[in-house]
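Numbering (UniProt numbering), first residue to last: 1 to 387. Where is the CB? At the ideal position from N, CA and C, for every residue including glycine. Below: one structure, written as structure tokens.
Printed below as a string of structure tokens:
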């Protein structure tokens, strides 16, 4: 047995997942923190540090404004530390705040108006959405979009499509009045509406026919876990003539970028709503391990372009997660500021401390849960525990 070869192979396999994962995560984290940083600077807040990663500094430099830019040893996140922060979690240092001079107060985040503080905090998630829109827009503008017409090649026996009267050769024009430009558009609409009645207009032998279909609910296994989606049971056309690459101008590319970003937001909201009502499984909740696995797979199949698009998807997800009104997250801070704006004064230090502790506990529990989910998924992938 070649132990050295096995070790080298395992190390190479680990790097093939780890490097793409860190590449994607660094892009997303950098733009999130850049949002906080940019708005803080516009509001006159002194920024002491901008860090990619946590822990010991590996590389760093100080700019002319006194901000220390650093790359740290644990590359699983990042932070911006303002004057008056006690640590990287932006917990205020009360002792330092109380002893600040008047000039230092002018550059202190905690002495800014509630509106300025809310703008700085909200800028992180907003930057994530802007990044996703920019990536999707650039992808379409510079590369165009390969479009497969929504023409039906075959219909599965006993499927929802067959029950609805859809025939091979039909060209799907609209679903519920929404134009279908491509087969991918049709898949998006149908997969999101299992069990719902859909009005489908098709072109058949030169005339329009309106049909009613109810997609069947199917459970599909994806890299992020099992997903319940709607399926009609039809296959796309195999005719090369139904493929085209369509180019878009800047305005249309931006429209598609916005649409693609909103689609992720909408699907995430739909999943969370179904999860809370017991209609979805927690299997889709993923943590760093599964994201690293997916990053490696995307890098091997889609290269740099695939990784950039994965960064856009994760950027939307991180933006949404940070808006959840849980203390320790940006949404929790925004909740405190909203209460402060209504009351005319902030919550007491004790109330905020309790909130932060509850938030920390919730975040840690979520991290433990998604890590367990990831480990179970890896076990299933490699056949561990199978009977």
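Looking only at its own chain, which residues have a Cβ that is under 7 Å from the Cβ of residue 107, when we skip the five neighbours before and after it? 44, 45, 46 and 83
Does the Cβ of residue 33 have 16 or more other Cβ atoms within 10 Å, making it buried, or fewer, making it exposed? buried
Contact set for residue 41: own chain, Cβ-Cβ below 8 Å, skip 5 residues either direction: 47 and 65
With distances taken between CB atoms, is the gap from residue 261 to residue 132 smaller than 8 Å? yes
In this structure, does DSSP put residue 84 in helix, strand or coil? coil
Residue 145: which of 185, 124, 164 and 112 sits nearest, CA to CA? 185
According to DSSP, which residues form a beta bridge with residue 218? 229
Where do the N-terminal and C-terminal ends of the beta strand (DSSP E) with residue 62 fall, by residue? 47-62
Neighbourhood of residue 380 by C-beta distance below 6 Å, restricted to the same chain and skipping five residues each side: Confidence at residue 380 is low in this model, with a pLDDT of 49, below 50, so its placement is unreliable and no value can be given for it.
Identify every run of the beta strand (DSSP E) within the stretch 141-181, keeping only runs that are complete inside it and at least 3 residues long; order them along the chain. 145-148, 152-155 and 171-175
CA-CA distance, residue 393 and residue 62? This structure does not reach residue 393, given that the chain is present from 1 up to 387, and the question cannot be answered.
To which residues of the same chain is residue 254 closer than 7 Å at the C-beta, ignoring the five residues directly before and after it? 137
Under a Cβ-count criterion, where at least 16 other Cβ atoms within 10 Å of its own Cβ denotes burial, should residue 151 be classed as buried or exposed? buried
Tell me the residue span of the beta strand (DSSP E) that contains residue 338. From DSSP, residue 338 is part of no beta strand (DSSP E) but of the alpha helix (DSSP H) over 330-343.
Please report the straight-line C-alpha distance between residue 428 and residue 96, rounded to a whole angstrom. Residue numbering for the chain in the displayed model covers 1 to 387; residue 428 lies beyond these limits and cannot be assessed.
Flag this pair as yes or no: are the beta carbons of residue 389 and residue 325 separated by less than 8 Å? This structure leaves residue 389 out entirely; the chain is present only between 1 and 387.
To the nearest angstrom, how far is it from the Cα of residue 140 to the Cα of residue 257? 8 Å
Skipping 5 residues on each side, what residues in its chain have a beta carbon closer than 6 Å to that of residue 303? none
Looking only at C-alpha atoms, which of 172, 215, 219 and 114 sits nearest to residue 193? 215
Going by the beta-carbon positions, is the gap between residue 264 and residue 189 smaller than 8 Å? no
Output needed for residue 383: all residues of its chain with C-beta closer than 7 Å, excluding positions within five of it in sequence on either side, in chain order. Confidence at residue 383 is low in this model, with a pLDDT of 44, below 50, so its placement is unreliable and the value that follows should be read with caution. Nothing listed; no residue qualifies.
Beta-carbon separation (whole angstroms), residue 127 vs residue 31, contact threshold 8 Å: 5 Å
On the CB-based measure, 16 or more other CB atoms within 10 Å of its CB, does residue 368 come out buried or exposed? exposed
Do residue 171 and residue 203 have their C-beta atoms closer together than 8 Å? yes
Beta strand (DSSP E) segment containing residue 213, residue limits: 207-213
For residue 456, which residues of its own chain have a beta-carbon under 8 Å away from its beta-carbon, when the five flanking residues on both sides are left out? The structure shown does not extend to residue 456, since the chain is modelled only from 1 to 387, so the question has no answer here.
Which of helix, strand or coil does DSSP assign to residue 196? coil
Taking the alpha-carbon of residue 159 as reference, which of 213, 306 and 273 has the nearest alpha-carbon? 213
Residue 67 burial status per 10 Å Cβ neighbour count (16 or more: buried): buried
Residue 312 burial status per 10 Å Cβ neighbour count (16 or more: buried): buried
Neighbourhood of residue 243 by C-beta, 6 Å cutoff - its chain only, sequence neighbours within 5 removed: 148
So the beta strand (DSSP E) residue 245 belongs to, where does it begin and stop? 243-246
Could you check the C-alpha separation between residue 130 and residue 39 for me, to the nearest Å? 14 Å
Nearest to residue 337 by alpha carbon, out of 22, 116, 246 and 232? 116
Nearest-angstrom Cβ-Cβ length linking residue 330 and residue 124, presumed shorter than 8 Å: 5 Å
With residue 235 as the anchor, note down where its beta strand (DSSP E) starts and where it stops. 234-236
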